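**Q**
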Amino acid sequence: MQVQKWSALAGLRFVLAFIVAVTHLPDFVAIGTWDFIPKFGAFEAILGFLLISGYSIGASYAKEPEGFLWRRALRIYPVYLAAVALTCGVFALEHDTFPSAWLVLVNVLFLNQILTSDSFVGPAWTLALEVWLYCLTPLLFKLRPSTLRALTAASFAAYLAYTCGRTLFHWNYYSGVGFGLNLLLLSFIWLAGLRLAREPENSISILKEVGWMFALHIVLATAIQFASSWKRGLVDEFLNSGIDHFALQAFTLVVVLWTFRRFTTYPGVGAGGSATLRLLGDISYPMYVAHIPVFYLLKLASLESPTLYLATVVGVSFLLYWGLDKYSQQRSSAPVDSRRDALGQMGRTET
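With our numbering as the guide, the letters of the sequence shown map in order to residues 77 to 427.
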């Protein structure tokens, strides 16, 4: 069965969002047989998100620059505001008071990680990064390819340095970084996606760069963990179990890279779109931003089935999409010829 490019990327987005959701689930309930899912790496899933986001945003802007930011706002805000409201409700249940209006405003305007070092809607720290990059997209499209490549390399170098600093100096994980530093530290993979959309003739060489960045990320993470295990005399434990985690994280990145290699360098592959995969891609965004407050409410109800938690999150995500994401629904109901247009197809995998 052949699958159309944007449908494949939509399905991949759902899988990546699911990895992140299951990774957070142990904070609320014992996950039992689902415990293998987090081994695929939440951070690696985030890298995949950012690559897909950069690519789809590049396709959108290249096709229709006018009204780009307004289209982004229509796509993001309805579901995001619902996630903020859910999180406010959870906050009130936990603290017997609502969060300050200032805190909510900062997060609604995506100034979290700039004016604060964390996000009120936990996973939305990556969404804030994407919004900043959306705002920069018109400027980025004016830059020469060589300049974009240099910016990608500079960001990746900063990421490698910060990764080492997290071990040596106990710097915060990226979700706890303020002053907009994530724009420097993590934009490399989003920029790579943007370049793939903007420079399709260079897709092979850009994907090779992505492959090297993924490989260096895994090698550095493995080396740091090995050094830590060696220092504590736990090398055998690392070799017996720890290395499996890095192998599965590498697998996640390989799947992301293979999907792009398959569907972005061979545009003729898979002529037919999949409504199911597109729907999964559409609900991946509400699932990503709303799963934590949903998990909290289920825990409050003393539910103990991890499968029920995950099924509920998927159901709530569909309801949020169906009730609030009118922008994606309008594109999904467009005529077939329009759906085959790059702009129409692009929207189903954007963040």
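Glycine included, C-beta positions come from ideal geometry on N, C-alpha and C. Keep in mind the model is a prediction, meaning the values are calculated, not measured.
1) Quick one: Cα of residue 421 to Cα of residue 238, how far?
2) Measure the C-alpha to C-alpha separation of residue 96 and residue 122 and round it to an integer number of angstroms.
3) For residue 345, does the three-state DSSP call read helix, strand or coil?
4) Determine the direct distance from the alpha carbon of residue 170 to that of residue 157, and round the result to whole angstroms.
5) Report yes if the CB atom of residue 101 is closer than 8 Å to the CB atom of residue 124, and no otherwise.
6) Report back the beta-carbon spacing between residue 131 and residue 269 to the nearest angstrom; my notes put them in contact at under 8 Å.
7) Could you tell me whether the Cβ atoms of residue 155 and residue 389 are closer together than 8 Å?
8) Using 10 angstroms around the beta-carbon of residue 183, count the other beta-carbons present and answer buried if the total reaches 16, otherwise exposed.
9) Keeping to the same chain, check which residues put their C-beta closer than 6 Å to that of residue 166; ignore five residues upstream and five downstream.
10) Below 8 Å between beta carbons: does that hold for residue 260 and residue 231?
11) With respect to the alpha helix (DSSP H) encompassing residue 187, which residues constitute its N-terminal and C-terminal limits?
12) Once you ignore the five residues that flank residue 126 on each side, which residues in its own chain have a CB closer than 6 Å to its CB?
13) Whole alpha helix (DSSP H) runs in the stretch 290-368 with 4 or more residues, listed along the chain?
14) Below 7 Å CB to CB, which residues in the same chain sit around residue 314 once its five sequence neighbours on both sides are set aside?
15) Please go through the same chain and pick out, in chain order, the residues whose beta-carbon is closer than 7 Å to the beta-carbon of residue 94, but skip the five residues on each side of it.
16) CA-CA distance, residue 77 and residue 108?
17) Would you check if the distance between the CB atom of residue 428 and the CB atom of residue 283 is smaller than 8 Å?
18) Would you kindly report the start and end of the unbroken alpha helix (DSSP H) that includes residue 107?
19) Counting only runs of 3+ residues fully inside the stretch 145-213, write out the beta strand (DSSP E) ranges in chain order.
20) Taking 6 Å as the limit between beta carbons, can you name the residues of its chain near residue 367, skipping five residues before and five after?
**A** So, to answer that:
1) Locating residue 421 in the sequence shown gives position 345, where the first residue counts as 1. Locating residue 238 in the sequence shown gives position 162, where the first residue counts as 1. Residue placement at residue 421 cannot be trusted, given a pLDDT of 35 that sits under 50; what the coordinates show is reported in the next sentence. Spanning the two alpha carbons is a distance of roughly 36 Å.
2) Taking the first residue of the sequence shown as 1, we reach residue 96 at position 20. Taking the first residue of the sequence shown as 1, we reach residue 122 at position 46. Distance between the alpha carbons of residue 96 and residue 122: 8 Å.
3) Against the sequence shown, residue 345 aligns to sequence position 269. Its pLDDT being 49, under 50, residue 345 is placed unreliably by the model, and the measurement read from it follows with that caveat. If DSSP states are grouped into helix, strand and coil, residue 345 belongs with coil.
4) Counted from its first residue, the sequence shown places residue 157 at position 81. Counted from its first residue, the sequence shown places residue 170 at position 94. For residue 157 and residue 170, the distance between alpha carbons rounds to 20 Å.
5) Counted from its first residue, the sequence shown places residue 101 at position 25. Counted from its first residue, the sequence shown places residue 124 at position 48. For residue 101 and residue 124, no; Cβs fall outside 8 Å.
6) The residue you call residue 131 lines up with position 55 of the sequence shown. The residue you call residue 269 lines up with position 193 of the sequence shown. Residue 131 to residue 269, Cβ: 4 Å. Contact.
7) Walking along the sequence shown from the start, residue 155 turns up at place 79. Walking along the sequence shown from the start, residue 389 turns up at place 313. No. Outside cutoff.
8) If you number the sequence shown from 1, residue 183 lands on position 107. Burial call: buried.
9) Counting from 1 along the sequence shown, the entry for residue 166 is found at position 90. Cβ within range, chain order: 369, 372.
10) The residue labelled residue 260 in the question sits at position 184 within the sequence shown. The residue labelled residue 231 in the question sits at position 155 within the sequence shown. Yes; because the gap between Cβ atoms is below 8 Å, this pair is in contact.
11) Sequence index remark: in the sequence shown, residue 187 carries index 111 (1-based). Careful: residue 187 lies outside any alpha helix (DSSP H) and carries neither H nor E.
12) Translated into positions along the sequence shown, residue 126 becomes position 50. Same-chain partners within the cutoff: 265, 266.
13) 319-340
14) Here the question's residue 314 lines up with position 238 in the sequence shown. If we look at residue 314 and ignore the five residues flanking it on each side, its Cβ neighbours are 301, 302, 305.
15) The residue labelled residue 94 in the question sits at position 18 within the sequence shown. Result list for residue 94: empty, nothing under 7 Å.
16) Locating residue 77 in the sequence shown gives position 1, counting from the first residue. Locating residue 108 in the sequence shown gives position 32, counting from the first residue. Unreliable placement is indicated for residue 77, whose pLDDT of 47 sits below 50; the coordinate value is still reported in the next sentence. Approximately 33 Å between the Cα atoms of the pair.
17) Residue coverage of the chain in this structure runs from 77 to 427, which leaves residue 428 outside it and unanswerable.
18) On the sequence shown, position 31 is the one that residue 107 refers to. Counting along the chain, residue 107 falls outside any alpha helix (DSSP H), and DSSP gives it neither H nor E.
19) none
20) Within the sequence shown, residue 367 is the residue found at index 291, counting from 1. Hits under 6 Å: 97, 389.
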